[in-house]
Amino acid sequence: MTEDATQTRTEARTDAPADAPTITVNGAPRAIAAGLTLGALVATLTAAHRGVAAAVNEDVVPRGDWPTTTLGDGDRVEILTAVQGG
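Encoded structure:
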């Protein structure tokens with residue numbers, strides 16, 4: 002998946018309540034359910050299992066920590082997908 006495709010998918014909003022936490026994903030605001038983990042977010046945004054990196058508030062989060070990294074109101078998340086080619 003290209004970065005443009007990831008960006009388009011991140012613009013889709015969830016059915017979260019009006020008072021739900023809001024994060025920024027690849028520059029776009031997104032309402033999330035309380036307690037959402039980075040792993041769950043990445044799984045909803047990309048089907049890629051390899052070549053994906055994620056950072057929260059400008060700190061790269063190792064893939065092994067994604068399932069236990071809980072996102073909160075105001076967090077800034079960047080999800081990058083490596084693509085092959087030139």
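Here the numbering used here is used: the sequence shown runs in plain steps of one and ends on residue 87.
In this text, a Cβ means the ideal position worked out from N, Cα and C, and glycines have one as well.
DSSP places Ala41 in the helix class (H, G or I) of the three-state scheme. By the CB criterion at 8 Å, Thr38 and Thr70 fall inside the cutoff. Burial is judged here by how many other beta carbons sit within 10 angstroms of a residue's own beta carbon; Asp76 has at least 16 and is buried. In this structure, Ala35 and Ala21 form a Cβ contact; the two beta carbons are roughly 7 Å apart against a cut-off of 8 Å. Looking only at Arg64, Asn58, Ala56 and Glu59, the smallest Cα-Cα distance to His50 is reached by Arg64.
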